[in-house]
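Asker: In the numbering used here, the protein residues as written are -6 to 329.
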């Protein structure tokens, strides 16, 4: 999708330039005369970069994918839906869209902040889920003390999302890029699901395991809710708040990641959810997270909480996350 957008854009630009250059107009002569000065040429190219390359490039790259109907299913019932979903999301964000949090200044996406923060929040949710899942499942699958694929994938997803070429701790040393590490994580997840299909590893499904996963997710949601609360409390009356959208989109990206993880977990743990009579609560939990994801303001506002005219989008998102926490805690109690 991104590749098609960029290709069409450059075809359009190429057509305009070609038509202009072959038109024989007076503008061409004036342009050639103007560019006899190298200084003017450099000035023109600089202006072109700042007024065309960065804004148009950022426009074509920017894609905050909040498709709440996104769904993937494993090929076989013995495989894990949540592992399949995580692998598919990594492929979507790293290969099909573009992983933007680590791109340097010469990429037009460098000036984006909503999409990078959303992606970082989403992958934080994937990391939390897979880390918890590996703690419940991996010990039984480890061979000779070695980490299995699920544990390796969780470790790779914990890699910082902002690394492009250089080590964050030492800029003189090179380091694997975030996108490269996440692609490795996806390969490990695919191998794990293939082993599940062959019966080479085990995936135990118990109410206690699901309760553990919900507890870990809830802890992460609570961290985001706390960040939103602190930001509202400290900066809602500020005239210059340039970080509210960063906090908002990171928390929303995390909510989106957990929404899709929970949808997939409902497939893996269908029997446990239905047998405990938790279908309605689970549906309400998904709806709360969906409401958090579907907030799409043109401009994120962190207005004074007593304002009668301006909204506070951070507070609304926080309310939905709190609702999700309460529902998840209730489900967890019934599973334990």
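Backbone N, C-alpha and C fix where the C-beta goes; we use that ideal spot for every residue, glycine too.
Candidates 64, 228, 153, 281: which alpha carbon is nearest residue 309's?
Answerer: Measuring from the Cα of residue 309, the nearest candidate turns out to be 281.
Asker: Taking the CB atoms as reference points, tell me whether residue 221 and residue 307 lie closer together than 8 Å.
Answerer: Yes, these two residues count as a Cβ contact at 8 Å.
Asker: Assign residue 211 to one of three DSSP states: helix, strand, or coil.
Answerer: DSSP places residue 211 in helix when its eight states are reduced to three.
Asker: Is residue 302 helix, strand or coil when you go by DSSP?
Answerer: It is coil, neither helix nor strand.
Asker: For residue 322, which residues of its own chain have a beta-carbon under 7 Å away from its beta-carbon, when the five flanking residues on both sides are left out?
Answerer: Cβ neighbours of residue 322 beyond the five flanking positions: 211.
Asker: State the Cα-Cα distance for the pair residue 188 and residue 194, rounded to the nearest angstrom.
Answerer: Approximately 6 Å, taken between the alpha carbons.
Asker: Leaving out five residues before and five after residue 149 in sequence, what residues of the same chain have Cβ atoms less than 8 Å from its Cβ?
Answerer: Within the same chain, residue 149 has close Cβ partners 174, 175, 177, 178, 181.
Asker: Restricting to Cα atoms, I'd like to know which of 246, 271, 146 is closest to residue 200.
Answerer: Residue 271 is the option with its Cα nearest to residue 200.
Asker: Rounded C-beta distance between residue 291 and residue 78? I'm assuming under 8 Å.
Answerer: Actually they do not touch by this definition, with Cβ atoms about 30 Å apart.
Asker: Output the distance between the C-alpha atoms of residue 316 and residue 99, rounded to the nearest integer angstrom.
Answerer: Distance between the alpha carbons of residue 316 and residue 99: 41 Å.
Asker: By a C-beta neighbour count over all protein chains shown, 10 Å radius and 16 as the cutoff for buried, is residue 275 buried or exposed?
Answerer: Counting Cβ neighbours within 10 Å, residue 275 comes out buried, since at least 16 surround it.
Asker: At which residues does the alpha helix (DSSP H) containing residue 186 begin and terminate?
Answerer: Run containing residue 186: 171 to 191, per the alpha helix (DSSP H) assignment.
Asker: What distance in whole Å lies between the Cβ atoms of residue 252 and residue 324, which are believed to be in contact at a cut-off of 8 Å?
Answerer: Not really, about 15 Å apart at Cβ, beyond 8 Å.
Asker: Which one or two residues does DSSP pair with residue 264 in a beta bridge?
Answerer: None, per the DSSP bridge assignment.
Asker: Is the Cβ-Cβ distance between residue 293 and residue 243 less than 8 Å?
Answerer: Taking 8 Å as the Cβ cut-off, residue 293 and residue 243 do not qualify as a contacting pair.
Asker: Which of helix, strand or coil does DSSP assign to residue 236?
Answerer: In the structure shown, residue 236 sits in coil (DSSP, three-state: anything other than H, G, I, E or B).
Asker: Cα separation between residue 192 and residue 261?
Answerer: Spanning the two alpha carbons is a distance of roughly 16 Å.
Asker: Could you name the residues that DSSP lists as bridge partners for residue 167?
Answerer: Residue 167 pairs with 159.
Asker: Please report the straight-line C-alpha distance between residue 329 and residue 256, rounded to a whole angstrom.
Answerer: Those two C-alpha atoms are separated by around 20 Å.
Asker: Buried or exposed for residue 110, going by 16 or more other Cβ atoms inside 10 Å?
Answerer: Residue 110 should be labelled buried.
Asker: Just verifying my parser: in three-state terms, what is the DSSP assignment at residue 295?
Answerer: Here residue 295 sits in strand by DSSP.
Asker: In whole angstroms, what is the alpha-carbon distance linking residue 38 and residue 95?
Answerer: In a straight line, the C-alpha of residue 38 is about 26 Å away from that of residue 95.
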